[in-house]
Amino acid sequence: MSDGVGLISLLFFALPGSSAVFTQEPTDLVVVAGQPVTLPCSIPGYHGMVLWLRDGMALGVNRDLSGYPRYDIVGDHSKGEYHLLIQRTEIQDDAFFECQAIQAAIRSRPAHLTVLVPPDDPVIVGAPVVSLRAGDYLNLTCHADNAKPAASIIWIHNGLVLSGAIYSKTLLRDGKRESTASTLYLSPSNIESGQQITCRASNKAAPNGKDASVTIDIQHLPIVNLTVEPQPVLEGNLVKFHCATKANPPVIYYRWAKGGNVIPDVSGDTYEVLVDHSFFTEPVSCEVTNTLGSTNISRNVDVYFGPRMGAEPQSLQVDLGSDAVFKCAWTGNPSLTIVWMKRGSGVVLSNKSTLTLKAVKQEDAGKYVCRAVVPRVGAGEREVSLTVNGPPTISSTQTQQVLYGEKGQIKCFIRSTPPPDRIAWSWKETVLESGTSGRYTVETVSTEEGVISTLTMSNIVPADFQTIYNCTAWNSFGSDTEIIRLKEQGEEESYGLNTRYHSPIPLYGSVMFSWVVRC
């Protein structure tokens, strides 16, 4: 063949200036491997030798291409047609082709035949099923080999193209085809077990692509969703808890608890119960277990319930002038309102859980009510007492009636915290704390409201109506005195000025003197 080529070249250069011309020349073509292709070459009126070259190498003379069984020279010889037919193109046909008329010393323009090769069917390493445990990253690698140009690979999941894959290409020994590898890094936490991921390889020779798929088997702890119906719910009504679970491997058992305490005799995925207020603060939990482990999820119930006392308010005993602070801790749902009032008064003292009375006075002593209301659900209240430590307070009728010649009594009522250390009646030169002295007897009785001291006279005489009687009480904070006069029963009211004495310090052993000025 080399000798022939040399001879042809000699003839080519020996016959310049021939008038033969190409009416058809090969042009650049693109063909998919396996398809036929024809490269045209027409030289009308030329009857010499015609030579086809591939990448500068002669294929044969005229119509003799016996060394290339897939190649044929076709066309009407009498018209000077020497078309090159390539059947079932292969990668080695990817080359420059040229048609030469030897005796005419002319050659066609070089034409490049581009042969496209579709990739082999893609292969996913580990297919058809890849198993892994949830939480582990999954590496999927797909190969698409022997393609020209190199295959493009995309990953598809649920119809969506996934991003983040890493690609690499390898040029094969023929210098034309390439193999492509794509590695996709996936977090399986977002992929359900049983779903497919597809590797699609495509190039110009296979524009629709070729697919390979793998099924992902993600083994994971139970994925649990705990629902509570209905919500909100009124205390005492039925509530259904449902523990919806996805698990691979399958669920082995369920365990229910409330406030951390296991609920016996409930083993399925549903728990029904009549709820009370405790479900508002003590969550119900569902624990689901498979061979990989357990998942626990809990929910509180939005239970509507009336006020419940969290911590009982305490009655207080404070010194005069000190602050008194009451605390009243209610719970309720929906949000409750709190009011503090003094018993017998409609005045709201506070709308908070704490009531503070600054620098208390004796008149602040009494009962206080903490009332809580949950709208449209219920109400509750608690009562506490405020006791004020201070000097005794005596309340008594300053003029008391008796019958002449009969036994008579005069009384004084003493409120005192702490209790009185001493109570004494005094008149003229006499002081009597208890017992009997002549016609006079003193008796003292304690009640829930205070102390009642009674001075009894066995036989009322006229002088008794002219006598001023003093009732005096002492404790560690001071004393109080009430002046009392007698009036004969049935006598018209007389008007006078009565004088009371209050001493801020104990007056032990003192004699009380009183004056009454009549007008």
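Reading the sequence shown from the start, the letters are residues -20 to -1, 1 to 499 in mature numbering (1 follows the signal peptide of the UniProt record, and there is no 0).
Every residue gets a Cβ at the ideal spot worked out from N, C-alpha and C, and that includes glycine.
Alpha carbon of K391 to alpha carbon of S433, nearest angstrom | 6 angstroms
Would DSSP call S490 helix, strand or coil?
-> With a pLDDT of 32 at S490, under the threshold of 50, the modelled position of that residue is not reliable, and the figure given next carries that caveat. If DSSP states are grouped into helix, strand and coil, S490 belongs with coil.
Can you give me the start and stop residues for the beta strand (DSSP E) that T195 sits inside?
-> Bounds of the beta strand (DSSP E) holding T195 are A186 to E209.
Taking the Cβ atom as the reference point for each residue, do T150 and S159 lie within a distance shorter than 9 angstroms?
-> yes
Roughly how many whole angstroms lie between the Cα atoms of G458 and D256?
-> 54 angstroms
Let me know the secondary structure DSSP gives L477 once reduced to three states.
-> Interpretation of L477 is limited by its pLDDT of 37, a score under 50 that renders its predicted location unreliable; no figure is taken from the coordinates.
Stretch-stretch touch, CB-based, cutoff 8 angstroms, three pairs: the stretch 139 to 147 with the stretch 189 to 196 | no
For Q176, the residue or residues it bridges with in DSSP = T195
Taking the CB atoms as reference points, tell me whether L260 and N280 lie closer together than 9 angstroms.
-> Checking the sequence, you will find Phe at residue 260 rather than Leu. Going by C-beta atoms, F260 is nearer than 9 angstroms to N280.
Within its chain, find whatever has a CB closer than 6 angstroms to the CB of S474; leave out the 5 residues flanking it on each side and keep chain order.
-> Residue placement at S474 is flagged as unreliable, the pLDDT there being 43, under the threshold of 50; a coordinate-derived value is accordingly withheld.
Local conformation of S426 per DSSP, three classes = strand
Roughly how many whole angstroms lie between the Cα atoms of G476 and A359?
-> Unreliable positioning characterises G476 in this predicted model, as indicated by a pLDDT of 39, which lies under 50. The coordinate reading is nonetheless provided below. Their backbone Cα atoms lie some 53 angstroms apart in a straight line.
CA-to-CA distance, L164 to G137, given in whole angstroms | In the sequence under discussion, the amino acid at residue 137 is His, which differs from the Gly named in the question. Spanning the two alpha carbons is a distance of roughly 12 angstroms.
What's the C-alpha gap between Q15 and I177?
-> 32 angstroms
If you draw a straight line from the C-alpha of G155 to the C-alpha of T271, how long is it?
-> If you take the alpha carbons of G155 and T271, they lie about 53 angstroms apart.
Going along the chain, which residues of its own chain have a beta-carbon closer than 8 angstroms to the beta-carbon of G415, five neighbours each way excluded?
-> T421 and V422
Out of curiosity, what's the CA-to-CA distance linking C79 and V1?
-> Inter-residue distance for C79 and V1 is about 12 angstroms (C-alpha atoms, whole angstroms).
Over what stretch of residues does the alpha helix (DSSP H) that includes T261 continue unbroken?
-> S258 to T261
Evaluate P399 with the Cβ neighbour count: other Cβ atoms within 10 Å of its Cβ, from every protein chain shown; 16 or more gives buried, anything less gives exposed.
-> exposed
In terms of residues, what are the limits of the beta strand (DSSP E) holding T275?
-> Annotation for T275: the continuous beta strand (DSSP E) segment containing it runs G273 to R279.
Anyone know if the C-beta pair for I374 and T436 falls short of 9 angstroms?
-> Judged by beta-carbon spacing, T436 lies beyond the 9 angstroms limit of I374, meaning their Cβ atoms are not closer than that value.
With DSSP collapsed to three states, give me the class of I71.
-> helix
DSSP puts F393 in a beta bridge; with which residues?
-> Partner(s): S375 and I432.
Just tell me which of V54, I134, S302 and G239 has its CA closest to the CA of D344.
-> S302
For G216, which of L296, I243, A186 and Y284 has the nearest alpha-carbon?
-> Y284
Give me the Cα-Cα distance between T69 and R43, rounded to the nearest whole angstrom.
-> 19 angstroms
Ordered list of beta strand (DSSP E) runs contained in the stretch 70 to 134, each at least 3 residues | Entirely contained in the stretch 70 to 134, the beta strand (DSSP E) runs reaching 3 residues are, in chain order, 75 to 81, 91 to 96, 109 to 113 and 118 to 127.
Mind checking A443: buried by the 16 CB within 10 Å criterion, or exposed?
-> exposed
Looking only at DSSP bridge pairs, what is D52 linked to?
-> In DSSP, D52 forms a bridge with L65.
Measuring alpha carbon to alpha carbon, tell me which of T336, L300 and T311 ends up nearest V368.
-> Closest in C-alpha terms to V368, from the list T336, L300 and T311, comes L300.
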